[in-house]
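This report concerns only the one structure given below.
In the numbering used here, the protein residues as written are 375 to 512.
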């Protein structure tokens, strides 16, 4: 299997899924929230909470794109990427609405860049999956 056949199998949709997967993995390690505390400010990365789930989702979506690159888009690749993309996006949107669940009124909490990057990654995974799977349905 050469690089041209992988690129042809992957297509634009698979490339977008791979980009979204990388963004999701990177976003999991970046700050998801920054708090003002008595001693100054503190930040919380995604890896301190549900970012671990988005990291796993990013890896699963990347595996789905890898299957697509090796064999072309099939139901396994679409399923892996779609479920992962939905989970990533749902988690990110949840935390965008409330960065620290269960602690309303804790003080000021700003959403961190990692949360936005994770959400963008999840949306790219979903969009790339939709593009990659369109030939599967025809």
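Cβ atoms here follow ideal geometry from the backbone N, Cα and C, with glycine treated the same way. Being a predicted model, the structure only gives us computed values, none of them experimental.
Task: Beta-bridge pairing of residue 408 - partner residues as DSSP gives them - done: Against the chain shown, residue 408 aligns to sequence position 34. In the DSSP assignment, residue 408 forms a beta bridge with 417, 484.
- [ ] Note down the Cα distance separating residue 409 from residue 495, rounded to an integer number of angstroms.
- [x] Taking the chain shown and counting its residues from 1, the one referred to as residue 409 is at position 35. Taking the chain shown and counting its residues from 1, the one referred to as residue 495 is at position 121. For residue 409 and residue 495, the distance between alpha carbons rounds to 24 Å.
- [ ] Taking only heavy atoms of the ligand FAD into account, decide whether any of them is closer than 7 Å to the Cβ of residue 452.
- [x] With respect to the ligand FAD, the structure offers nothing, as it holds no ligand at all.
Task: Residues near residue 436 in its chain [Cβ-Cβ closer than 7 Å; skip 5 each side] - done: As a first step, residue 436 must be located in the chain shown, where it is residue number 62. Closer than 7 Å at Cβ, skipping near neighbours: 392, 395.
- [ ] Please go through the same chain and pick out, in chain order, the residues whose beta-carbon is closer than 6 Å to the beta-carbon of residue 476, but skip the five residues on each side of it.
- [x] Within the chain shown, the letter at position 102 stands for residue 476. Confidence is the limiting factor: at residue 476 the pLDDT is only 42, short of 50, which leaves the residue's position unreliable and the question unanswerable from this model.
Task: Proximity of residue 406 and residue 387 at Cβ, strictly below 8 Å - done: As a first step, residue 406 must be located in the chain shown, where it is residue number 32. As a first step, residue 387 must be located in the chain shown, where it is residue number 13. Result no, Cβ atoms of residue 406 and residue 387 do not sit closer than 8 Å.
Open item on the list: Using 8 Å for Cβ pairs, my map puts residue 404 next to residue 488. What's the rounded Cβ distance?
Closed with: On the chain shown, residue 404 is found 30 positions in, with the first residue counted as 1. On the chain shown, residue 488 is found 114 positions in, with the first residue counted as 1. Indeed they touch by this definition, with Cβ atoms about 3 Å apart.
- [ ] Just the C-alpha distance for residue 504 and residue 498, rounded to the nearest angstrom, thanks.
- [x] Here residue 504 refers to the residue found at position 130 of the chain shown. Here residue 498 refers to the residue found at position 124 of the chain shown. If you take the alpha carbons of residue 504 and residue 498, they lie about 10 Å apart.
- [ ] Alpha carbon to alpha carbon, how far is residue 415 from residue 502? Give it in angstroms, no decimals.
- [x] Within the chain shown, numbered from 1, the residue matching residue 502 stands at position 128. Within the chain shown, numbered from 1, the residue matching residue 415 stands at position 41. Here the alpha carbons of residue 415 and residue 502 stand approximately 37 Å from one another.
Task: Nearest neighbour of residue 385, chosen from 469, 451, 464, 490 [CA to CA] - done: Within the chain shown, numbered from 1, the residue matching residue 385 stands at position 11. Considering only 469, 451, 464, 490, the residue with the shortest C-alpha distance to residue 385 is 451.
Task: Cα-Cα separation between residue 426 and residue 433, rounded to whole angstroms - done: As a position in the chain shown, residue 426 is number 52, starting the count at 1. As a position in the chain shown, residue 433 is number 59, starting the count at 1. Note on geometry: alpha-carbon atoms of residue 426 and residue 433 lie some 11 Å from one another.
Open item on the list: Which residue wins for smallest C-alpha separation from residue 428, given the options 397, 449, 483, 413?
Closed with: As a working mapping, residue 428 is identified with position 54 in the chain shown. Distances from the alpha-carbon of residue 428 to those of 397, 449, 483, 413 put 397 closest.
Open item on the list: Let me check understanding here. Comparing Cα to Cα, which of 460, 461, 483 lies closest to residue 471?
Closed with: Residue mapping note: residue 471 aligns to position 97 of the chain shown, counting from 1. Looking at the Cα atoms, 483 is the closest of the given residues.
TODO: Please report how far the alpha carbon of residue 417 lies from the alpha carbon of residue 493, in whole angstroms.
DONE: Within the chain shown, numbered from 1, the residue matching residue 417 stands at position 43. Within the chain shown, numbered from 1, the residue matching residue 493 stands at position 119. Taking C-alpha positions only, residue 417 is separated from residue 493 by approximately 18 Å.
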